[in-house]
């Protein structure tokens with residue numbers, strides 16, 4: 018048996034390298050072998066810090082008998098869902114035809130040509146509470162393939178056709194809705210009437226709110242940070258009804274306050290992925306980079322909004338500061354990122370495991386349940402040291418914003434180090450992006466729209482706040498690569514070639530919803546909006562309008578479309594810009610004066626006079642013909658320049 022996983026980039030695949038299973042990594046070779054042997058393919062999807070993936074690995078994939086059954090009757094494929102999110106999304110869409118209990122480990126059985134005909138999640142080694150044993154599932158699937166081949170193939174083709182139809186319907190709907198971009202003023206139905214949409218969104222989120230414990234829904238209970246950031250943008254909007262803005266701030270604030278005081282937050286400031294009980298207790302102990310990055314951003318915004326509502330000074334006494342609690346929570350998350358998830362090169366690991374070894378046994382949550390002295394006596398749970406471009410982009414943006422708004426230079430420095438690492442190791446010589454790497458070794462997985470959008474947003478945010486021209490230029494280049502001449506958003510690298518060959522690439526496009534993180538198109542659209550605020554290129558904002566137009570009814574399901582609804586909020590706002598042209602030390606004074614200024618989708622851009630002229634020549638019209646000073650602008654129309662920080666502070670307070 019050939020060990021094909023021992024040298025994999027993915028830590029998750031390497032965890033399975035010594036299984037008695039003849040694993041293949043995701044690729045054309047596995048399906049070619051299945052066609053040669055005329056056997057079905059079992060695709061097992063998971064990730065390195067997934068508790069139930071560990072459990073199934075110990076119970077089933079380490080079992081010699083099961084390994085033999087898989088070798089004889091299947092071709093077995095192992096996929097890291099974080100390395101190949103497009104593969105995971107497509108297979109998850111297919112699995113929804115067989116079970117509503119979706120999650121990881123995900124197991125999908127396909128024909129040698131890739132048509133999915135059966136799927137499920139975790140299967141135990143023996144039957145438990147109506148859940149069949151994994152070896153019985155393997156026997157049943159193999160018998161169906163051998164004895165009822167026509168029925169199996171028909172099921173697979175029906176599912177594959179349904180995925181294609183759903184994806185085609187989504188695309189056609191978007192094309193029809195985006196034609197002409199709405200009314201004569203460029204508005205986009207149905208989300209152009211933001212005050213009415215905001216009211217409907219708030220009504221639905223309040224109805225879903227757990228008024229006792231905070232958050233939304235029952236158990237299992239996730240932070241759903243995109244929805245919280247949507248609420249914060251509604252609270253900061255100049256367009257919605259003031260009463261709704263206050264409702265939004267109260268709803269977001271109550272949930273974030275509850276989270277900060279809950280068992281979901283570890284003593285070191287980091288947050289676990291989700292809780293198994295409505296009161297946020299009994300966490301699922303893995304800690305994800307994307308959750309903590311977005312929570313850092315949300316707490317930062319909450320602190321700014323609470324401080325800017327006239328309830329406290331910009332640099333307040335913590336005893337009387339209404340934003341102190343949110344600022345403390347944000348600082349705690351930021352320190353967790355720097356102390357725990359930051360890797361030697363400056364980038365961030367994708368996650369920390371839920372399991373650790375305590376007294377010779379692998380225990381979920383065991384290390385986290387110890388006090389600081391107890392923790393010091395044991396190795397902490399391992400990291401998944403995989404560096405993901407998109408998730409690192411979220412962390413860099415959040416650290417840059419927290420460093421600015423909260424006045425923590427260490428966060429800004431960490432954001433610089435991380436983005437420098439990505440630019441050095443995740444951007445190839447031809448300018449294309451790498452999706453993932455471990456120890457500087459790049460994966461061959463296709464970089465997604467999420468990767469391009471999140472990194473571009475990080476570069477534009479950090480570059481604007483630090484005056485680093487190269488970050489701004491690289492961010493604009495990435496945005497330009499995702500927006501076609503027809504004002505459509507697409508990943509420059511295209512889709513995974515194997516998915517396309519198997520006819521499964523439609524699966525990811527069939528479900529535009531987003532929960533834990535913004536979708537790829539939403540991420541790319543956010544970056545395009547920031548770039549538009551710098552360049553005033555119509556195709557950039559047109560691409561965002563098309564994206565919003567492609568999701569009718571988004572306001573009726575805000576927990577699943579929060580990232581897209583944030584785009585609608587920004588489109589309804591004036592294009593807010595704060596442009597600072599000054600030498601570095603004077604520019605820092607202006608930015609200090611703007612710490613408590615936040616507007617949805619606003620761009621902040623600081624540059625020296627020489628850099629301002631160079632960027633203006635590159636097409637950054639926000640800097641064109643700007644003598645030294647600070648300019649507060651809306652839709653590229655600026656007030657008279659502020660000549661000193663106090664004058665800028667006075668303008669921002671109006």
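In my numbering, the protein residues as written are 18 to 671.
Note that the Cβ used here is the ideal one computed from N, Cα and C, for glycine as well.
Predicted model, so just to flag it, every value in this text is computed and none were measured.
Nonlocal neighbours in the same chain, by C-beta distance under 7 Å from residue i, ignoring five residues either side
i	result
residue 86	152, 155
residue 488	436, 476, 479, 480
residue 200	Only weak support is given to the placement of residue 200: the predicted model assigns it a pLDDT of 37, under 50, and the value that follows is read from those uncertain coordinates. Excluding sequence neighbours, residue 200 sits near nothing in its chain.
residue 662	606, 607, 609, 610
residue 426	420
residue 173	127, 128, 132, 133, 134
residue 500	506, 545, 556, 557, 560
residue 375	383, 384, 395
residue 413	432, 435, 436, 475, 479
residue 256	211, 212, 589, 590
residue 302	289, 371, 381, 382, 385
residue 21	40, 41, 42
residue 109	119, 123
residue 294	236
residue 253	322, 615, 616, 617
residue 125	60, 108, 111, 112, 133, 136
residue 424	612
residue 659	646, 647, 665, 668
Cβ pair residue i, residue j closer than 8 Å
i	j	result
residue 640	residue 651	no
residue 347	residue 310	no
residue 354	residue 240	no
residue 117	residue 74	no
residue 249	residue 267	no
residue 150	residue 143	yes
residue 231	residue 276	yes
residue 429	residue 439	no
residue 547	residue 218	no
residue 161	residue 169	yes
residue 367	residue 306	yes
residue 495	residue 532	no
residue 422	residue 612	yes
residue 503	residue 535	no
residue 669	residue 620	no
residue 447	residue 407	no
residue 222	residue 585	no
residue 449	residue 509	yes
residue 482	residue 623	yes
CB contact check: residue i to chain C, cutoff 8 Å
i	result
residue 86	Of the protein chains in this structure there is only one, and it is not chain C.
Spatial neighbours of residue i in its chain, beta-carbon cut-off 8 Å, leaving aside the 5 residues before and after
i	result
residue 103	463, 465, 512, 513, 516, 522, 525
residue 454	26, 403, 404, 442, 443, 460
residue 121	62, 63, 64, 67, 69, 70, 98, 138
residue 45	514, 515, 518
residue 285	349, 352, 353, 356, 357
residue 625	484, 598, 599, 600, 601, 604
Own chain partners of residue i with C-beta closer than 6 Å, once the 5 adjacent residues on each side are dropped
i	result
residue 18	39
residue 705	Missing from the structure shown is residue 705; the chain here goes from 18 to 671 and no further.
residue 100	27, 453, 460, 462
residue 159	90
residue 332	Caution is warranted here: a pLDDT of 48 is assigned to residue 332, below 50, making its placement in the model unreliable, and the coordinate value is therefore given only provisionally. Excluding positions up to five away in sequence, the list is empty.
residue 17	No answer is possible for residue 17: it lies beyond the span of the chain, which begins at 18 and ends at 671.
residue 528	Any reading at residue 528 must be qualified, since the residue scores a pLDDT of 45, below 50, and its modelled position is unreliable; the value itself is stated next. For residue 528, where only same-chain residues beyond five positions count, the Cβ hits under 6 Å are 110.
residue 681	Because residue 681 is not part of the residues shown, which for the chain are 18 to 671, the question remains open.
residue 81	37
According to DSSP, residues forming a beta bridge with residue i
i	result
residue 125	60, 136
residue 401	368
residue 381	372
residue 292	238, 300
residue 148	145
residue 18	For residue 18, which the question treats as bridged, DSSP gives no partner whatsoever.
residue 500	506
residue 359	365
- Query: Three or more C-beta pairs closer than 8 Å, one from the stretch 502–516 and one from the stretch 586–602: is that the case here?
  - Reply: Flag = no, the stretch 502–516 and the stretch 586–602 do not touch.
- Quick one: complete beta strand (DSSP E) runs, 3+ long, within the stretch 33–109? Here the runs fully enclosed are 40–42, 58–63, 92–97.
- Task: Taking only runs that begin and end inside the stretch 225–287, name each unbroken alpha helix (DSSP H) of 4 or more residues, in chain order.
- Result: With a minimum length of 4 residues, the continuous alpha helix (DSSP H) runs that stay inside the stretch 225–287 are 242–253, 259–277.
- Message: To test your reading of the DSSP string, which unbroken beta strand (DSSP E) runs of 3 or more residues are found completely within the stretch 611–664?
- Response: Whole beta strand (DSSP E) segments, 3+ residues: 620–624, 646–651.
- Message: Any contact between the stretch 371–391 and the stretch 356–363? By contact I mean 3 or more CB pairs, one from each, below 8 Å.
- Response: The answer is no - the stretch 356–363 does not touch the stretch 371–391, with fewer than three Cβ pairs under 8 Å.
- Query: Where are the beta strand (DSSP E) runs, 3 residues long or more, that stay fully inside the stretch 415–495, in chain order?
  - Reply: Secondary structure remark: continuous beta strand (DSSP E) runs of at least 3 residues inside the stretch 415–495, in chain order: 453–455.
- Query: Can you list the alpha helix (DSSP H) stretches of 4 or more residues lying completely in the stretch 582–613, in chain order?
  - Reply: If we require 4 residues or more, the alpha helix (DSSP H) runs fully inside the stretch 582–613 come out as 601–610.
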